[in-house]
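Q: Taking the working numbering as reference, the numbering of the sequence shown is continuous, increasing by one, and the terminal residue is 170. Virtual Cβ for every residue (Gly too), placed ideally from N, Cα, C.
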Amino acid sequence: GDIPNYFPNSFNGHVTCPKSAESRFTVSGDVARHEQPDDCFEQPRIFYRKVLNEQERTRMIENIFSTMKDCLPRIQDRAIQNFGKVDADFGNRLRKMIDNYNSQKQVRAHI
60 GDIPNYFPNS
70 FNGHVTCPKS
80 AESRFTVSGD
90 VARHEQPDDC
100 FEQPRIFYRK
110 VLNEQERTRM
120 IENIFSTMKD
130 CLPRIQDRAI
140 QNFGKVDADF
150 GNRLRKMIDN
160 YNSQKQVRAH
170 I
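1) Among Asp129, Ile120, Asn112 and Val90, which residue has its Cα nearest to the Cα of tyrosine 160?
2) Given that a residue counts as buried once 16 or more other Cβ atoms are within 10 Å of its Cβ, and exposed if not, what is valine 86?
3) Alanine 91 lies in the alpha helix (DSSP H); which residues open and close that run?
4) How should isoleucine 105 be labelled, buried or exposed, when 16 other C-beta atoms within 10 angstroms of its C-beta is the threshold for buried?
5) Could you give the DSSP three-state label for asparagine 141: helix, strand or coil?
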């Protein structure tokens with residue numbers, strides 16, 4: 060269909076299934092859960108800052124822009140917020156491209 064098949068999503072489509080709760084099972088030996096810091100941005104931050112050179116960063120941002128330029132503005136905003144959490148420069152550069160595109164789109168609409 061036309062709606063996302065993952066949850067959470069921006070379109071309030073699917074929800075988590077209560078039947079999908081973790082099941083119990085027997086093991087021998089020690090089992091433990093370890094808390095992970097709630098930072099989904101550390102690895103992409105290292106990739107952006109330390110792995111990519113400036114030309115690669117620019118190409119990546121241009122590629123991301125090309126896939127999100129025609130998304131709904133609220134989707135663009137949420138994506139840019141997430142990219143900005145990876146690196147402020149990343150988010151700012153993407154924001155500038157999106158804002159420029161959106162303003163040009165409005166100008167073209169009036170022609």
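A: On the basis of the supplied data:
1) Comparing Cα positions, the closest option is Asp129.
2) Exposed, since its Cβ has fewer than 16 Cβ neighbours within 10 Å.
3) From DSSP, alanine 91 is part of no alpha helix (DSSP H); its letter is neither H nor E.
4) Around the CB of isoleucine 105, fewer than 16 other CB atoms lie within 10 Å, so the residue is classed as exposed.
5) Helix, per DSSP.
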